[in-house]
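What follows is a single structure, written as structure tokens, with notes after it.
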Amino acid sequence: MFGFIHESIHQMMVRRYGDDFWAEVLQRAGFESGKENIVNHYYPDADTYALIDSVSALAKIPREQVWESYGAFLIEYTMEIGWDELLRTMSPSLKGFLDNLDSLHYFIDHVVYKANLRGPSFRCEENEDGTITLHYFTGRPGLYPIVKGVLREVSKRIYKVDVTITVTGRTQRSVQMSTGERLEEHVIFLIKGHSKSGEQNSDSKGSKQNSDSKGSSIITRPRSPTEYEGAVLRVSQSDFIAAFPYHVIVDRDCRLVQCGKDLFNHISRELLEPGTPLVRIFEINRPQIPLDFDNICNFINAVFVLQVRNAPMDMRKPHRGSDTGEIDTFNDSMQGQHLKLKGQMILLDSREHLIYLASPYVTSIPELLQFGMRLSAMPLHDATRDLILLNQQRLSDVEVNLQLEANNEQLESLAKDLEAEKAKTDALLKEMLPASVATQLINGASVDAREFEEATVMFADVPSFQLIVPHSKPKDVVHLLNELFTKFDRLVVLHDVYKVETVGDSYMIVGGIPESIESHCEKICHVALGMIWEGRSVTDPISSRPLQIRTGIHSGPIVAGVVGAKMPRCAEKTGRFEFISRGKIDIKGKGIMETFFLKRSYKKSVWEIISKPRDENVNSIDGYSELTEGVEDDLAVKENQASKSCTIS
Numbered sequence: 000m001f002g003f004i005h006e007s008i009h010q011m012m013v014r015r016y017g018d019d020f021w022a023e024v025l026q027r028a029g030f031e032s033g034k035e036n037i038v039n040h041y042y043p044d045a046d047t048y049a050l051i052d053s054v055s056a057l058a059k060i061p062r063e064q065v066w067e068s069y070g071a072f073l074i075e076y077t078m079e080i081g082w083d084e085l086l087r088t089m090s091p092s093l094k095g096f097l098d099n100l101d102s103l104h105y106f107i108d109h110v111v112y113k114a115n116l117r118g119p120s121f122r123c124e125e126n127e128d129g130t131i132t133l134h135y136f137t138g139r140p141g142l143y144p145i146v147k148g149v150l151r152e153v154s155k156r157i158y159k160v161d162v163t164i165t166v167t168g169r170t171q172r173s174v175q176m177s178t179g180e181r182l183e184e185h186v187i188f189l190i191k192g193h194s195k196s197g198e199q200n201s202d203s204k205g206s207k208q209n210s211d212s213k214g215s216s217i218i219t220r221p222r223s224p225t226e227y228e229g230a231v232l233r234v235s236q237s238d239f240i241a242a243f244p245y246h247v248i249v250d251r252d253c254r255l256v257q258c259g260k261d262l263f264n265h266i267s268r269e270l271l272e273p274g275t276p277l278v279r280i281f282e283i284n285r286p287q288i289p290l291d292f293d294n295i296c297n298f299i300n301a302v303f304v305l306q307v308r309n310a311p312m313d314m315r316k317p318h319r320g321s322d323t324g325e326i327d328t329f330n331d332s333m334q335g336q337h338l339k340l341k342g343q344m345i346l347l348d349s350r351e352h353l354i355y356l357a358s359p360y361v362t363s364i365p366e367l368l369q370f371g372m373r374l375s376a377m378p379l380h381d382a383t384r385d386l387i388l389l390n391q392q393r394l395s396d397v398e399v400n401l402q403l404e405a406n407n408e409q410l411e412s413l414a415k416d417l418e419a420e421k422a423k424t425d426a427l428l429k430e431m432l433p434a435s436v437a438t439q440l441i442n443g444a445s446v447d448a449r450e451f452e453e454a455t456v457m458f459a460d461v462p463s464f465q466l467i468v469p470h471s472k473p474k475d476v477v478h479l480l481n482e483l484f485t486k487f488d489r490l491v492v493l494h495d496v497y498k499v500e501t502v503g504d505s506y507m508i509v510g511g512i513p514e515s516i517e518s519h520c521e522k523i524c525h526v527a528l529g530m531i532w533e534g535r536s537v538t539d540p541i542s543s544r545p546l547q548i549r550t551g552i553h554s555g556p557i558v559a560g561v562v563g564a565k566m567p568r569c570a571e572k573t574g575r576f577e578f579i580s581r582g583k584i585d586i587k588g589k590g591i592m593e594t595f596f597l598k599r600s601y602k603k604s605v606w607e608i609i610s611k612p613r614d615e616n617v618n619s620i621d622g623y624s625e626l627t628e629g630v631e632d633d634l635a636v637k638e639n640q641a642s643k644s645c646t647i648s
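Residue 610 in numbering that gives the first Met the number 0 sits at position 611 of the sequence shown, with consecutive numbering throughout.
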């Protein structure tokens, strides 16, 4: 069904039950929110039925009652969005309104939305007691409660009449159509009007109605035509054929009696000879009934759309040698195009003949050109000329709206993709910068350089790296660093310090920024010990021995910003560690400074630092004997010079 149906269902449910209820309906029906009510989109009938079934189940209302409520709301909603004037001016009575329902459906389907939908068909019969018998034909069985809701709301809102609607018959049959076989449902309604007390039987505009003798305003009696006595008003056949160039007159056997002159431009001359059966000339598109006299009379109030079966031979041949290539193109496009006529069937006074007053069914310039026609092919009195011009602008507006909907859908998709990419970027930024700094940047705040009075910085590298690189393949070097730095990264996260950067084999971390903490030195010392231990689990590709890691630690004030950090002097320490004097050495840019080797932590064992279990059958209790394995001689020399236990508090 057309998307407007879904949108009106959506409006009804949201107004009556709220947004949460509609969300449940969509979930139960298998719809994605926002995709269920695209106005210019055509949805399969199964999707519409799924929505109604979901509403019925969740609201605990029978399906027929949901459809009937929807029929009433449909009138309310269409009048809200600007169709009220059209509905009020269709007819002064309910019967006239029903007589024109077919043409209204056709206008909405084929002109407004250009959708070529399978709309229902209606036929009215006026009964002697002032009631109306309405015949409803549809290819969608089970939707007849909508008609009841529509009729009650139209009667109440437009004609100020309460009606009683009774279903007196309901049958289904298989109908053979040009497009194949389909199931058609025929429902018969009996409509009886009850005028509201104290109110005139008129619409809100105050138009007066001529109600019948029984007081029912659902039927309007036509006024008697004026008699022009003695006046000769006959129109000659040639004048009539010229005035109505697309008309057709048939007899009771539906054989051709007369036709308009312009039909010869679209139909073979031999088919337009008097006596030719109408079914040889045309096939009927709407209403979907057999093309015979009785059926036409039964649907005399319907819009009739007839399509030419065969075009003349000279129209089926492309014309060459014309003055412009444009005309040739139009003639080429006409191949396979059979003219459609849209108009009204009228039963003549003789009751033995029908006249079909019609115009070419074209609603836009491209369609007009497809048949090799120009606007001059339409009589000046024919409103089709104006319709083509107006509809051309409307089609442009519809195309713009469709493009806007497509662009909106694309923008929604791009917005989701952008949000996903932004999440990745934010995650990457938080990997590169401290979380608090990254959050400030994400929120658009500026991050100024900040001075920290107490912080600790550590550099770690591989002393033998310059010997490894020349004798290793590039991919082996990358694999070595990746394995080593992955272990270092785990320690950084474990001890809640910040990795500043890695350059080659150098690994720089800092503690105490951007959030100041008193244990910054202790954390960095523990990480340093852990790095030395973890480095031993990585094999030197040249010597095949455990890799040795060198770390350097310095504490003091730091100025930190987004673009980098620099480390001045001074020291502030916390925790309990054992240091071995390295002696006084010349530090580049600082001069002679006292330095120390970090040997152990008295607060944590190696196993606690690296957060791994100890093998009781292999490892020592604290792990420091294994940590210093291989460097005992170097440390022994230094210990003889100066060794002390340092309490950092």
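Even for Gly, the Cβ is constructed at its ideal location relative to N, Cα and C.
Treat the numbers as computed from the prediction; the structure is a model and nothing was measured.
Using only the alpha-carbon positions, how far apart do N618 and G582 sit?
The straight-line gap from Cα to Cα measures roughly 32 Å.
Should the stretch 77–92 be called in touch with the stretch 21–39, which here means at least 3 C-beta pairs below 8 Å?
Judged by Cβ distances under 8 Å, the stretch 77–92 makes no contact with the stretch 21–39, as fewer than three pairs qualify.
Of all the beta strand (DSSP E) runs that stay within the bounds of the stretch 109–174, which reach a length of 3 or more residues?
Whole beta strand (DSSP E) segments, 3+ residues: 120–125 and 131–137.
What residues in its chain sit with their C-beta under 7 Å from that of L189, if we drop five residues either side in the sequence?
These residues qualify, in order along the chain: T130, T132, T165 and T167.
In the DSSP assignment, what are the bridge partners of Y76?
Beta-bridge pairing links Y76 to no other residue.
In three-state terms, what does DSSP make of G510?
Strand.
Restricting to Cα atoms, I'd like to know which of I364, L417 and W66 is closest to P141.
Sequence inspection shows Gly at residue 141; the Pro mentioned does not correspond to that position. Comparing Cα-Cα distances from G141 to each of I364, L417 and W66, the minimum goes to W66.
Around the Cβ of S358, are there at least 16 other Cβ atoms within 10 angstroms (buried) or fewer (exposed)?
Buried: at least 16 other Cβ atoms inside 10 Å.
Within a Cβ cutoff of 6 Å, which residues of the same chain sit near E514, ignoring the five residues on either side of it in sequence?
None.
Assuming the contact rule is C-beta atoms closer than 8 Å, P545 and E450 should be a hit. Round their C-beta distance to whole Å, please.
Not confirmed; about 40 Å, so no contact.
Spatial neighbours of V491 within its chain, please: CB distance less than 8 Å, with the 5 preceding and 5 following residues excluded, ordered by chain position.
So the qualifying residues of the chain are Y497, K498, I508 and V526.
Taking S173 as the reference, give the member of P144, F136 and R156 with the closest Cα.
Closest by alpha carbon: F136.
Going by DSSP in three states, R14 sits in which element: helix, strand or coil?
The answer is helix: DSSP assigns R14 an H, G or I state.
Give the DSSP bridge partners of M592, in chain order.
M592 is bridged to I584.
Taking DSSP as the reference, what is the three-state secondary structure of S624?
Of the three classes helix, strand and coil, the one that applies to S624 here is helix, per DSSP.
Indicate the three-state DSSP secondary structure (helix, strand or coil) for T550 in the structure shown.
Correct three-state label for T550: strand.
Name the residue from S154, I608 and T627 whose alpha carbon lies nearest to the alpha carbon of K486.
Checking every option, the nearest Cα to that of K486 belongs to I608.
Return helix, strand or coil for L305, following the three-state DSSP convention.
The answer is strand: DSSP assigns L305 an E or B state.
Does the stretch 399–406 come close enough to the stretch 371–381 that 3 or more CB-CB pairs lie under 8 Å?
The stretch 371–381 is not in contact with the stretch 399–406.
For the alpha helix (DSSP H) that contains E521, what are its first and last residues?
Start and end: H519 to G534.
Short check: CB of L356 to CB of H265, under 7 Å?
Contact: no.
Hey, quick one: how far does the beta strand (DSSP E) through E450 stretch, first residue to last?
Unbroken beta strand (DSSP E) run through E450: R449 to D460.
Quick one: residues in its chain with C-beta nearer than 6 Å to the C-beta of T383, no 5 flanking neighbours on either side, listed in chain order?
For T383, where only same-chain residues beyond five positions count, the Cβ hits under 6 Å are S358 and M377.
When DSSP labels each residue in this structure, what does M395 get in the three-state scheme?
It is worth fixing the name first, because residue 395 is Ser in this sequence and not Met. In the structure shown, S395 sits in a helix (DSSP, three-state: H, G or I).
Quick one: Cα of K522 to Cα of D621, how far?
When rounded, the distance between both Cα atoms is 17 Å.
Which one or two residues does DSSP pair with S358 in a beta bridge?
Its beta-bridge partners are K341.
Output the boundary residues of the alpha helix (DSSP H) element that contains Y497.
Element bounds for Y497: not the alpha helix (DSSP H) but the beta strand (DSSP E), Y497 to V502.
Out of curiosity, what's the CA-to-CA distance linking S210 and N300?
Caution is warranted here: a pLDDT of 40 is assigned to S210, below 50, making its placement in the model unreliable, and the coordinate value is therefore given only provisionally. Taking the straight line joining both Cα atoms gives about 21 Å.
May I have the straight-line CA-CA distance separating L50 from E31, to the nearest angstrom?
Each residue's Cα considered, the two are about 12 Å apart.
Could you give the residue range of the alpha helix (DSSP H) that holds F484?
Segment P473 to L493, the alpha helix (DSSP H) holding F484.
Assign C296 to one of two classes, buried (16 or more other C-beta atoms within 10 Å of its C-beta) or exposed (fewer than that).
It is exposed - the Cβ of C296 has fewer than 16 other Cβ atoms within 10 Å.
Can you give the beta carbon distance from K598 to T627, rounded, assuming they're within the 8 Å contact cut?
Right, the Cβ-Cβ distance comes to about 7 Å (below 8 Å), so this counts as a contact.
With a threshold of 16 other CB atoms inside 10 Å of the CB of R233, please say whether the residue is buried or exposed.
It is exposed - the Cβ of R233 has fewer than 16 other Cβ atoms within 10 Å.
Please state the DSSP three-state secondary structure of I37.
Here I37 sits in coil by DSSP.
Between which residues of its own chain and C258 is the CB-CB distance below 6 Å, once the five residues before and five after are set aside?
Excluding residues within five positions, the ones whose Cβ falls inside 6 Å are V247 and L271.
Output yes or no for whether 7 Å exceeds the beta carbon distance between L480 and V537.
Against a cut-off of 7 Å, the Cβ pair of V537 and L480 comes out as no contact.
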